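**Student:** Just so it is clear: in the sequence shown, position 246 is 870 by this note's numbering, and no numbers are missing.
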Amino acid sequence: MARIIAVANQKGGVGKTTTAVNLAAALAAAKRKVLLVDLDPQGNATMASGVNKRDIKASGCEVLLEEVETAAAIVPTDAHYDLLPGNGDLTAAELKLMDALAREHRLKEVLAKVSASYHTILIDCPPSLNLLTLNALTAADGVLIPVQCEYFALEGLSSLLETVKAVRHRLNPTLEIEGLLRTMYDVRNNLGNEVSAQLTQHFGDKVLRSIIPRNVRLAEAPSHGQPIHLYDRSSRGAIAYIGLAGEVIRRERGLPRSAAPDPVDDIEPPVHGDSGPTLKAPAANHQE
625 MARIIAVANQ KGGVGKTTTA VNLAAALAAA KRKVLLVDLD PQGNATMASG VNKRDIKASG
685 CEVLLEEVET AAAIVPTDAH YDLLPGNGDL TAAELKLMDA LAREHRLKEV LAKVSASYHT
745 ILIDCPPSLN LLTLNALTAA DGVLIPVQCE YFALEGLSSL LETVKAVRHR LNPTLEIEGL
805 LRTMYDVRNN LGNEVSAQLT QHFGDKVLRS IIPRNVRLAE APSHGQPIHL YDRSSRGAIA
865 YIGLAGEVIR RERGLPRSAA PDPVDDIEPP VHGDSGPTLK APAANHQE
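1. For the alpha helix (DSSP H) containing A652, list its first residue and its last residue.
2. Should A764 be labelled buried (16 or more other beta-carbon atoms within 10 Å of its own) or exposed?
3. Classify M671 as helix, strand or coil using the three-state DSSP reduction.
4. Can you tell which of L781, E774, V771 has its C-alpha closest to the C-alpha of L753?
5. Between the alpha carbons of D679 and T670, how many angstroms are there, rounded?
6. Counting only the same chain and skipping the five closest in sequence on each side, list residues whose C-beta sits under 8 Å from that of Q634.
7. Below 8 Å, how does it come out for the segment 672-688 and the segment 702-712: are there three or more Cβ pairs, yes or no?
8. Quick one: grab the DSSP three-state call for Y865.
9. When we look at the beta-carbon of A695 and count the other beta-carbons within 10 Å, is it buried (16 or more) or exposed?
10. Taking 8 Å as the threshold, find out whether the segment 645-655 comes into contact with the segment 864-875 through three or more Cβ pairs.
11. Count the other CB atoms, across all protein chains shown, that sit within 10 Å of the CB of M808; report buried if there are 16 or more and exposed otherwise.
12. By the three-class DSSP mapping on this structure, what secondary structure does R841 have?
13. May I ask you to list the residues that DSSP assigns as paired with P770?
14. Note down the Cα distance separating K640 from V658, rounded to an integer number of angstroms.
15. Does P770 pass the burial test, meaning 16 or more other C-beta atoms within 10 Å, or should it be called exposed?
16. Within its chain, find whatever has a CB closer than 6 Å to the CB of G766; leave out the 5 residues flanking it on each side and keep chain order.
17. Considering only the beta carbon of each residue, do R841 and T744 sit closer than 8 Å?
18. Would you report the Cα separation of D889 and H826, rounded to the nearest angstrom?
19. Quick one: using the 10 Å Cβ neighbour count with 16 as the cut-off for buried, is D723 buried or exposed?
20. Our contact map puts R806 next to I835 with C-beta atoms below 8 Å; I'd like the distance itself, whole angstroms only.
21. Within its chain, find whatever has a CB closer than 6 Å to the CB of V661; leave out the 5 residues flanking it on each side and keep chain order.
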């Protein structure tokens, strides 16, 4: 059976889709059988995989509504991972599922039909805590959380962790935090260094060793419909995601499926006031 990892963060612009697409490609390059599920109505993971979201015959919408079998909607990609594409129709699927029986389990049920064919299933979640994200968390074994190395790095994490706890208590008791991934990191910037240090201080070993740098080639790749592994495999971004894939594989091999996950309560970010969690302001002497 595949290990299912939801890539989630309710804060947009943190590299969530970039991580889902490029981790899928890097795992596929490591000879893993990978399925990427685009659960975001924006369809960015679909486009970044080289599949036109406007031309697909079936998407995650039809699969969730049980109008099409899961396997019939899956398409191959040039990066050798399979894709369950998504587009704006997912918004309609979410609305139609509102009154459905066991609506939070629909994605889990449809993925169970193809799970035996893959080593890893990655789910690119919407940048919000809606029914689609709830379906992803109910279906997942772990949650990978990209965190941008900038001042408001912890914004949104508190709500996401509360949702993870609620899902574990009511819907998916085996759900665990796969790790926090630092993204858009600029070693020349003292701000990024401060954020990285404070994330490690607050979350400990839940912060992955892999760090995704701010990289022009990484930003260009989606416009060409290619993961960075195909667009420029020698770039710093490509090397970083290869390292992340290795870390994910090592963590998976070192963690028995039956082991009880660490309590989510132990990795809550500190809360400062009513405005939600933020990081302490770093020193002002940073350079671009």
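Backbone N, C-alpha and C fix where the C-beta goes; we use that ideal spot for every residue, glycine too.
None of the values given here were measured: they were computed from a predicted structure.
**Tutor:** According to the structure shown:
1. 640-653
2. buried
3. helix
4. Looking at the Cα atoms, L781 is the closest of the given residues.
5. 11 Å
6. P751, S752, L753, T757, G780, S783, L784
7. yes
8. helix
9. exposed
10. yes
11. buried
12. helix
13. L805
14. 17 Å
15. buried
16. I629, E800, E802
17. no
18. Bear in mind that a pLDDT of 44 at D889, under 50, signals an unreliable position, so the model cannot answer this.
19. It counts as exposed.
20. 5 Å
21. Once the five neighbours on either side are set aside, the close Cβ partners of V661 are L708, I747.
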